[in-house]
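Protein chains in written order, with our numbering: chain L, 7 to 213; chain V, 7 to 213.
Cβ coordinates follow ideal geometry from the N, Cα and C atoms, glycine included.
First comes the structure, then the notes that go with it.
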DNA sequence: CCCGTGTTTGACCAAATGGTTAAACCTAAA
DNA sequence: TTTAGGTTTAACCATTTGGTCAAACACGGG
């Protein structure tokens, strides 16, 4: 056997293809991207894409699965932890906004994918270990019963929190126009939201 | 002249094309849609698409402009009205969720469009009369100064409200998986949010 | 009734795109 | 040095897709 192993390990052709596909797919989507563009972006011949990943669909699934596989456990870990409710919400918001700040294209990528091909998403991309929010719901109900927070339906609470964390990134250009902010001002604004959303939620939960 | 005017006015060929394009574009996006599919959907010959709207891009812009042109004034009207703050927020949430309920594909369509082609969006689709949120901001500051609501940064408040209204629709399939809801349960859930989000915001604004 | 103008159609074209293949290439092992 | 097997490339193929065109069609006015 003669494997081409001269280059640094993370720099293999397969990895270069994956990285290029990751960038192109997340920015242009499955339909908008072309194999040629991905090849160019990786600086290699187009046929190599098919050599390593048989079809465009397979390549796309690889990228999608990697993205989802990284995103889900991060959420899951926080939502299922044993922390007291308030601390959990604090950390959830902080971690969620942090992750998205570092990967601003991901939420829209996931949303578009799951909207256009729900079956493919469920069958070949989604991991089996989805977050189970039941424990979080019980926690909320307990706090309500103890009178420590205002009565809210826990499903709505979690959707509210996720919405306030994710949407400003998904709709960033729209928000920028509405608020008349420069790119730099927007970055500061989004960073501020860690604190602002936390306070907003805590205020809403006061009994 | 011999104009084909036998059919009902709103049923003209041009209108049928527009309606078909509206449906296909909003569900599959610019890249995912094909002219043939739009023609089939309208039940006419493909060449007619080019006869009435010269290119795919032009047709797409027509649809996009119509969608945006309908969405923006609805927001603008509420946000710039002279109502007292609390009533304004109430109506805003109620109207916003109502509009999106009736057009669930629109927000994702707009978001995708503005993310992929910001220049085209700004130059040829966006109307000139954007909502001006300044009056709303002043209103919030005044209420804070009078001690009638808790101090919040008005920009964050408006982004919070919009996020909680829009995101559950944009990310509906994701939310369904997270919450384990059927399609019917989800519809009820989204309708409930008019009331729930309003209460949540009001609770967060209590001094 | 027939003509002219706007409308509709099927056939067609060129470019783009996903995918294939055979040959060239490179490297490690014998 | 030879050679076998994985790797890379350029050329090629079939299909799809946006777009065009000339002919056919329908209908109102002369």
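Listing by chain order, which chain L residues have their CB less than 8 Å from the CB of residue 148 of chain V? Residues of chain L passing the Cβ test: none, with the nearest at roughly 19 Å.
Should residue 202 of chain V be labelled buried (16 or more other beta-carbon atoms within 10 Å of its own) or exposed? buried
Answer with buried or exposed for residue 140 of chain L, where buried requires no fewer than 16 other C-beta atoms within 10 angstroms of its C-beta. exposed
Straight-line CA distance for residue 207 of chain L to residue 57 of chain V? 54 Å
Here's a check: name, in chain order, each residue in its chain whose Cβ is nearer than 6 Å to the Cβ of residue 39 of chain L, leaving out the five neighbours to either side. 30 and 31
Which residues in chain L sit within 7 Å of residue 183 of chain V, going by Cβ to Cβ distance? 136
So is the beta-carbon of residue 201 of chain L under 8 Å away from any non-hydrogen atom of the ligand NAD? Judged by which ligands are present, the structure shown has none, so any question about the ligand NAD falls away.
Do you know offhand how far residue 15 of chain V's Cα is from residue 136 of chain V's? For residue 15 of chain V, the predicted structure reports a pLDDT of 45, less than 50, and the residue's modelled location is therefore unreliable. The matter cannot be settled from this model.
Could you tell me if residue 189 of chain V is buried or exposed, where buried requires 16 or more neighbouring beta carbons within 10 angstroms of its beta carbon? Exposed, because fewer than 16 other Cβ atoms sit within 10 Å of the Cβ of residue 189 of chain V.
Report yes or no: is there a C-beta of chain V within less than 9 Å of the C-beta of residue 79 of chain L? Not closer than 9 Å to any Cβ of chain V, the Cβ of residue 79 of chain L fails to qualify, so no.
Opening and closing residue of the alpha helix (DSSP H) in which residue 104 of chain V lies: Note, residue 104 of chain V: alpha helix (DSSP H), 91–108.
Measure the beta-carbon distance from residue 156 of chain L to residue 209 of chain V and round it to whole angstroms, keeping in mind my assumption that it falls under 8 Å. 6 Å
Within 9 Å (strictly less), CB to CB, does residue 47 of chain V reach chain L? no
Just checking my contact of residue 106 of chain V with residue 175 of chain V at CB under 8 Å: how many whole Å lie between their CB atoms? 5 Å
Please classify residue 25 of chain L: does DSSP put it in a helix, a strand, or coil? helix
Taking the straight line between their C-alpha atoms, what separation do you get for residue 59 of chain L and residue 43 of chain V? 29 Å
CB-CB length for residue 127 of chain V against residue 68 of chain V, believed under 8 Å: In fact, because the Cβ distance is near 14 Å, the residues do not count as touching under 8 Å.
Would you call residue 124 of chain L buried or exposed, if buried means 16 or more other Cβ atoms sit within 10 Å of its Cβ? Exposed is the call here.
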